[in-house]
Every structure is written in C-alpha cells, then in structure tokens.
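The structure under discussion appears below in the form of structure tokens.
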Amino acid sequence: MVYRQGLQAIPLSVDLWLHYINFLKETLDSNNPETDAKIKSVFEHAVLAAGTDFRSDRLWETYINWENDRGNLEEVTAIYDRILGIPTQLYSHHFQRFRDHVQNHLPKDLISPEDFINLRQELASTNAHFDNDGIPRNDLAAEIDINDPARIVSEIENMRHRIIEVRQEIYNHNENEVSRRWAFEEGIKRPYFHVKPLEKAQLKNWKDYLDFEIENGTLERVVVLFERCLVACALYEDFWIKYAKYMENHSNEGVRHVFSRACTVHLSKKPMVHLLWAAFEEQQGNINEARRILKTLEDSVPGLAMVRLRRVSLERRHGNIDEAEFLLQDAIKNSKTPNESSFYAVKLARLLFKVEKSLPKARKVLVEAIDIDKITFCNVLTHWIISNDFILLPYTMLCTAGLSKTNATSPWKPKCKLLTRLGI
C-alpha cells in the first residue's frame, strides 16, 4: 500500500518503481503461476508511467533482464522494439545489446511465428530462384535444402541481418531525436526537488526544453517532461500554469488535475494559479466550484483585494448582484486601513451606479467614505474618476468636503479644471 501511494504521487520515479518490483520479487511466492503475471503487469505499468523519461534506462534494462531470465526471447525482442524508438540517455547501449541478443539466438526464437514466416518469404522473394522457364519458385521448402548446413547457416545469418537492419532505421531516427535533446538534458543540473531556488539558467533551460518538446514531441513526451520539470520546479507557478494551458487542447480533466495538484499541494497560497483555476471552472460551467476555489484562497490568504474583486465579478457576471454588493460591503466593514476602505467604497459605488443604475445609493456610499477619511478618499476617487470618465458627486459637495481645487492634491487639479469647464 505504501509503495502504491508513493507511485501514485510520483509516477516518474524510476528508483521507486524498481524498489517496488524488487519487493514483489522477494515477497511473492515464486511457485505461484500468477506471480510472473503480476510482476509483468507492474513492469508494464512502470514503463507506461516512466518509460519515456530520458533517464529511464535502468527500468528498461531490468525489464529485459527479467524476461531473459525466464527465456521469453520473443518478449525481449518486443521490449527492444519499444525502447529503440524512445530517446533515452543510453540509446546506443540498448541497440548494441539488441544486436547481441539477435546474434546469440536463432531467429525463430526471437520473433513470432507469423513474423518469422513473413521474414522468410521476404528473403525468398529477394533471392528468388528461377527454373529453366524463368518462372520464380515460391515453395520455400524447395528453395532450402535442409540437408545443406551451409544453406541453413546462410539463411539464418540473412534473417539476423534483416532483423537488425529493420531496427537500424528506427535507431538512426532515434539517434537524431536524442541529439536534439541532449543539450537540454545536459543543462538539467538539479532534477530533484529542493526548497532552495533554482538558478535563472536552470529555469530558462526548463522553459526552452518544454517549448521544444511542445513544438516537436508527442502528447506523451510533453506530459512526461512537464512532470519531470515540476519535480524540480514545484514551487514555480509559471510552470504549472504553462502545463495547464497546454492541457486545455487535450483534456479538461487533465487541466483540472494539474490545477488541483498545484493549488492543493504545492501552491496553496499563490493567488494567480487559483484565479486561473477558478476562471477555468467558470468557463466549464462549474460556478459553485469556482466560488469554492476563490473562497478557499481568500481564507488561506486573507486581505487580497484581487481575490475579493474576483469573487464580486463572478457574482456580478451570473446575476447575483445582492451577493456582489454584500461582498463589497463586507470588505469595507473589515478594512484595516482608511485607504482600503475607500478603495472598496469606490468599487461598491461603481457597482451600484453602473449595474444597479442607482445614483442615490452610489452617492450615499461615496459620502460615507468621505466622512471616514477625506484625503485618502480623494486620492482613490481621483484615480477612479480619471479611469471611468464620470463623477457621482456634485462639485459643491467636493468643495464642502474639503476637496476644492484650491487645496486638492496635484492629481486632482486637472480634474477640477475639467469639472469647472463642464459647469459641474
């Protein structure tokens, strides 16, 4: 159970997979016919989870050795067919071991009977013998004299050569893929997690590597690289956000899983990734889930204006104006500074004026804010007026509040001149 929980949390850990497999070998009954099937199943889960990792060579070699020990030569060939097409650090070593595997065993033991027959037919057609009339002879038995050892050895060698030749093409392509990734892999100096910040060069290398794989790799390879990256970069929300955005084109559940891991495990107090998760859930129509995410974030990191305003905007977009108004009133009530209170007062006034179309209620909120703190409110309101191009309070009221153009702060003077020209 402990191993399974660990592998569920860190499926890319080759070491953990190998320890689990060794544990099974030591504890399972070797005389039980189901033991081998159980271990093979774990090997398959392991290579599916971590087999495309650039440094997964030990896992593949252990799998091959295990099949070899049981004499499953056909299975060994099938495993080599998989690993020879995967860019890994020891790609050339795998190909050399495959060549040895082919040279040390008979072809009929290395491939399936169907493939063996097809291979013989292919070689026979290549070296077709013709009778006196020039008609090719397709009878394999007629072509091969089983009493001629030289012919038998020649056929075996030809089949071995062809088996290797087919994989040679795959190996050459894989070698090119490895060379394109080698510089990125060399640039990874700390593949494990540590609380100490990564160097800028390391972060840039991960970013460039991900961009390269996204452009050139498959979905499986991109996901594995993101998972590798997030072991070392678990505390950097940029990489989690990049991962989630990539998954948007492939799986909504994948996006949700990435956001959930980031927000609940690694970045519980980072606002941006939470806000993006809430926006994603809202986009998917999961409004209650979006509310929960924002509420959880605000409980975890209280006092963030951007989170409170995002909650207000969410309610406003879905027609819950009363709830939006309550959230702003609550923010005003629980403000710790006059500046914060004035900030939320202006936001509430704007909501009342622009959404509820209630000028008296909006004016009342602003007048109350002036009574609490005139100077702070002046600075906040000045910025808001300039940004929104309208005013809720008559100019005479501003003067009465002590905000006339003669004693206003510098940012207020241009607005006072504009109000005077407008006759307000």
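When you line the sequence shown up against this note's numbering, it's residues 3 to 426, in that order.
Ideal placement from N, C-alpha and C gives every residue a C-beta, glycine not left out.
Own chain, CB closer than 8 Å to residue i, minus 5 neighbours either side, in chain order
i: residue 13; result: 51, 52 and 229
i: residue 189; result: 203, 204, 207 and 211
i: residue 38; result: 72
i: residue 59; result: 90, 91, 92, 95 and 96
i: residue 195; result: 233, 234 and 236
i: residue 34; result: none
i: residue 40; result: 26 and 30
C-beta contact flag for residue i and residue j at 8 Å
i: residue 289; j: residue 320; result: yes
i: residue 370; j: residue 323; result: no
i: residue 26; j: residue 44; result: yes
i: residue 270; j: residue 302; result: yes
i: residue 300; j: residue 309; result: yes
i: residue 211; j: residue 232; result: no
i: residue 55; j: residue 226; result: yes
i: residue 318; j: residue 280; result: no
i: residue 112; j: residue 160; result: no
i: residue 306; j: residue 284; result: no
i: residue 326; j: residue 361; result: no
i: residue 241; j: residue 214; result: no
i: residue 164; j: residue 121; result: yes
Neighbourhood of residue i by C-beta distance below 6 Å, restricted to the same chain and skipping five residues each side
i: residue 346; result: 330, 333 and 334
i: residue 69; result: 77 and 78
i: residue 137; result: Any reading at residue 137 is ruled out, since the residue's pLDDT is 45, under 50, leaving its predicted position unreliable.
i: residue 350; result: 330 and 367
i: residue 5; result: 22
i: residue 100; result: 82
Own chain partners of residue i with C-beta closer than 7 Å, once the 5 adjacent residues on each side are dropped
i: residue 268; result: 236 and 237
i: residue 110; result: 118
i: residue 257; result: 246, 249, 250 and 282
i: residue 84; result: none
i: residue 291; result: 283
i: residue 114; result: 76
i: residue 8; result: 18
Rounded distance between the beta-carbons of residue j and residue i, thought under 8 Å
i: residue 86; j: residue 172; result: 5 Å
i: residue 104; j: residue 166; result: 6 Å
i: residue 286; j: residue 254; result: 6 Å
i: residue 239; j: residue 272; result: 5 Å
i: residue 152; j: residue 192; result: The Cβ separation is near 59 Å, so there is no contact.
Neighbour flag for residue i against chain C, beta carbons, 8 Å
i: residue 222; result: Protein chains in the displayed structure number just one, and chain C is not present.
Any non-hydrogen atom of the ligand FAD within 7 Å of residue i CB
i: residue 264; result: Absence of the ligand FAD from the depicted structure is noted, as is the absence of any ligand whatsoever, leaving it without description.
Would you say the segment 57-72 touches the segment 13-27, given that touching needs at least three Cβ pairs under 8 Å? yes
Alpha helix (DSSP H) segments (min. 4 residues) lying fully within the segment 308-369: 323-335 and 340-356
Are at least three pairs of beta-carbons, each pair with one atom in the segment 291-300 and one in the segment 274-281, less than 8 Å apart? yes
Within 8 Å, do at least three Cβ pairs link the segment 90-102 to the segment 162-180? yes
Counting pairs of beta carbons, one from the segment 191-201 and one from the segment 217-224, are three or more of them closer than 8 Å? no
As an exercise, report each continuous alpha helix (DSSP H) stretch of at least 4 residues that is fully enclosed by the segment 42-106, in chain order. 59-71, 75-85 and 93-105
If you scan the segment 223-271 from start to end, which runs of the alpha helix (DSSP H) of 4 or more residues do you find wholly inside it? 239-249 and 254-263
Suppose only complete runs of 4+ residues qualify. What are the alpha helix (DSSP H) ranges in the segment 268-308, listed by chain order? 273-285 and 289-302
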